[in-house]
Each structure stands twice: as structure tokens, then as C-alpha cells.
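J.: With this note's numbering as the guide, the letters of the sequence shown map in order to residues 119 to 241.
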Amino acid sequence: MKKILVAEDNPASRELMQEVLSGRGYELSEARDGREALQKIEEIDPDLVLLDIQLPILDGFAVLSQLRQNPRFANLCIVAVTANVMKEDREKGLWAGFDAYIGKPIDVAALRLRVDQLLRKGS
């Protein structure tokens with residue numbers, strides 16, 4: 119079973135992502151800040167991380183940077199989830215090393231499709 123970490127401080131967004139993905143055969147875990155996200159990633163070794171850019175303690179870019187520097191997680195599939203949806207924001211995120219970029223408000227169908235595609239590609 120593929121494992122997904124949902125790293126999101128907003129309860130409504132976190133619950134929505136979990137609800138959308140829960141019936142799809144994925145094992146879901148959650149983190150509410152950047153430090154907790156790094157701890158959970160070490161602990162559960164997920165196949166994919168849905169990472170809010172504006173997390174407290176460590177933001178999404180700081181979490182991404184630490185993961186990309188760790189050989190164990192250098193190729194982990196990490197998806198930016200953010201309300202910053204301008205073209206420049208998307209380019210900055212992809213340039214920084216995110217594998218994909220999902221804007222808020224979350225398009226439920228697009229989230230399902232993108233996660234399924236990324237996890238199939240990583241199989």
C-alpha cells in the first residue's frame with residue numbers, strides 16, 4: 119500500500135485532502151508543521167508528500183531543501199500545496215525541486231488525478 123503524508127496546518131484543507139484520498143487504497147498520515155513533517159517522513163518513509171508551502175515552524179521550502187539534501191529522501195515525490203497560484207509562484211516551486219504544484223482552493227478531481235499519476239509513475 120502506498121503511503122502519503124499530508125503536511126498541512128489548516129484543518130479544513132488537511133481534512134479535505136485526507137477525505138479525497140482515503141478511499142483510494144493509500145495509507146495516510148498527517149503533520150501540522152514543518153518540523154513534524156520531517157519527523158513523520160523519517161518515521162513512515164512515505165511514497166508521496168503533499169506539502170503546504172506556508173507551514174509554521176519550517177515552511178515548505180525549508181522542508182523541501184532538507185529532504186533534497188538527504189540521500190534517503192532526495193528522490194521522494196513532494197507536491198507543493200499552496201494558495202500562491204501565480205505563474206511565477208509555480209515556477210519558483212518547480213525550480214526549487216517540487217515534483218508538482220497544486221493550488222488552493224483544492225480542485226478535488228485534479229488532486230486525485232495528480233496523486234494517482236505521480237504514484238503510478240513512481241511504481
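For each residue, glycine too, the CB sits at the ideal point set by N, CA and C.
1) Does the stretch 203-222 come into contact with the stretch 180-189, if we say contact requires no fewer than three beta-carbon pairs (one atom in each stretch) closer than 8 Å?
2) Checking the sheet assignment: what are the DSSP bridge partners for Glu145?
3) Can you check DSSP and say which residues form a bridge with Gly221?
4) Is Arg132 near the ligand HEM, going by C-beta to nearest heavy atom under 6 Å?
5) Tell me whether the beta-carbon of Cys195 lies closer than 7 Å to the beta-carbon of Leu166.
6) Based on Cα-Cα distance, which residue from Tyr144, Leu123, Phe191, Glu137 lies nearest to Asp234?
7) So what does DSSP say about Leu185, is it helix, strand or coil?
8) Measuring alpha carbon to alpha carbon, tell me which of Leu237, Ala125, Lys239, Asp225 ends up nearest Val138.
9) Between Val197, Arg208, Glu209, Gln157, which has its C-alpha nearest Leu231's C-alpha?
T.: So, from the listed chains and residues:
1) yes
2) Lys121
3) Thr200
4) This structure lacks the ligand HEM, and indeed carries no ligand of any kind.
5) yes
6) Tyr144
7) helix
8) Asp225
9) Val197
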